Amino acid sequence: MSLADFLRGAPGAGRVVPSAGLTTRLVAFGTAAMAFLAVFAIALAVMLIRLGDSWQVDLAGTATLRITSAGEAREADTETAMEVLRTTPGIETARVVPPLEQQALLEPWFGKDMPFDTLPLPRLIEIETTPEGFDARALGLRLAGEVPAARLDDHDRWRAPLARAQARMTGLTLAALALIAGTLAAVKALAARAALAENAQVIDVLRLVGARDTWIARAFVRRITLQAAAGAVLGVAAAAALLALIPGTGAAGLPALRPQGLAWAMVLPVPVLAAAVAWFTTRRSALRLLKGRP
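Using full-length UniProt numbering, the letters of the sequence shown correspond one by one to residues 1 to 294.
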């Protein structure tokens with residue numbers, strides 16, 4: 001049975017499969033539930049990708065210098081380090097992070113009641129690089145000679161784990177979508193079996209009057225596929241409506257779960273894919289079951 005045969009339908013075949021019943025409701029509900037979960041899996045994947053990209057952008061083109069000396073030596077080391085940074089090719093700007101700003105960065109971890117003035121916090125220097133970047137090894141050697149208490153962090157050690165985490169999350173999302181598609185296929189196979197069992201006498205009569213198995217299967221495939229498509233549309237609509245209620249900005253600067261802009265288009269193929277899975281699974285199941293009937 002080709003796609004054209006499916007769209008055209010067999011004359012009078014629609015009366016073979018009842019338009020209402022337990023099987024019909026289960027097909028629509030099961031597909032709606034799977035489509036709902038698929039939309040949320042896609043939304044979660046998009047959010048994680050946006051989060052990883054945001055962190056990558058924040059890390060790229062920046063570096064941090066820590067001055068760990070204490071007392072008056074800290075101020076002198078800070079001035080020396082700033083002079084080194086000003087004369088280093090590839091560094092666009094460098095600024096000393098004020099103590100209050102540094103405390104604001106630590107408050108989410110230690111709370112507002114922490115007496116930060118009693119902690120031996122290092123002096124931080126925030127570095128922004130040019131697009132060409134700087135030679136981290138050469139700068140590290142120069143700082144080791146002129147400011148031994150300086151510790152340079154060019155954030156390279158954080159980028160590789162972020163890239164690996166993004167790849168893993170993408171793989172997990174694809175695995176989740178594959179599991180959803182497999183579950184949907186199993187539901188459709190059971191629906192086809194149930195529909196054929198419910199209409200066993202009708203099928204026997206149709207065979208007696210000369211109907212071929214492909215004609216009978218077409219009736220079941222078309223009806224179940226259309227029911228699956230309708231259920232998928234309802235599931236996607238429900239998930240999209242729920243996602244639309246989520247604020248566009250996440251907590252603590254994290255990306256929101258709600259898709260933004262063109263990311264909404266990623267959920268549009270879900271009903272089509274659900275219908276395709278239903279068509280393929282139902283067709284194979286129906287033809288196999290009809291072939292096995294005496």
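Just so it is clear, CB atoms sit at the ideal spot from N, CA and C, and this is done for glycine as well.
Fair warning: this is a prediction, and the values are worked out from it, not measured in the lab.
- In the assembly as shown, S54 is an exposed residue. Its beta-carbon has fewer than 16 other beta-carbons within 10 Å.
- Considering only A104, M114 and D77, the residue with the shortest C-alpha distance to R123 is D77.
- Counting C-beta pairs closer than 8 Å gives fewer than three between the stretch 113-122 and the stretch 183-202, which falls short of the contact rule.
- In the same chain as F134, and ignoring 5 residues on each side of it, the C-beta atoms closer than 7 Å to its own belong to T88, P89, G90 and I91, in chain order.
- A direct Cα-to-Cα measurement between Q56 and T225 gives close to 43 Å.
- P247 and T31 have their C-alpha atoms roughly 27 Å apart.
- DSSP places T87 outside both helix and strand once states are collapsed to three, so it counts as coil.
- In this structure the stretch 33-45 touches the stretch 261-272; the number of beta carbon pairs closer than 8 Å is three or more.
- For secondary structure counted as the alpha helix (DSSP H) over 4 or more consecutive residues, the stretch 180-250 holds these complete runs in sequence order: 200-208 and 213-244.
- Between E126 and V97, the C-beta gap is smaller than 9 Å, which places the two residues in contact.
- Contact annotation: L48 and T130 have beta-carbon atoms that are not nearer than 9 Å.
- Residues of the same chain with a CB within less than 8 Å of the CB of L162, apart from the 5 flanking positions on each side, are G52, W55, Q56 and L59 in chain order.
- In this structure I203 does not touch L37 by the C-beta definition: roughly 34 Å separates them, more than the 8 Å allowed.
- If you draw a 10 Å sphere on the C-beta of T282, you find 16 or more other C-beta atoms in it, and that means buried.
- DSSP places R142 inside the alpha helix (DSSP H), whose first and last residues are A136 to E146.
- R151 carries a strand assignment under DSSP once its states are collapsed to helix, strand and coil.
- Taking a C-beta distance under 9 Å as the contact criterion, A175 and E128 do not qualify as a contact pair.
- When the beta-carbon positions are compared, T62 and H155 come within less than 9 Å of each other.
- Look at R283 here: in three-state DSSP terms it is helix.
- Relative to R86, the option among L121, L143 and V39 whose CA is nearest is L143.
- With a cutoff of 9 Å on beta-carbon distance, A189 and V39 are scored as not near each other.
- In this structure, the straight-line span from the alpha carbon of E198 to that of W158 is close to 60 Å.
- For the 9 Å CB-CB criterion, T80 and D153 do not form a contact.
- Residue burial annotation: L196 is buried, with at least 16 other C-beta atoms found within 10 angstroms of its C-beta.
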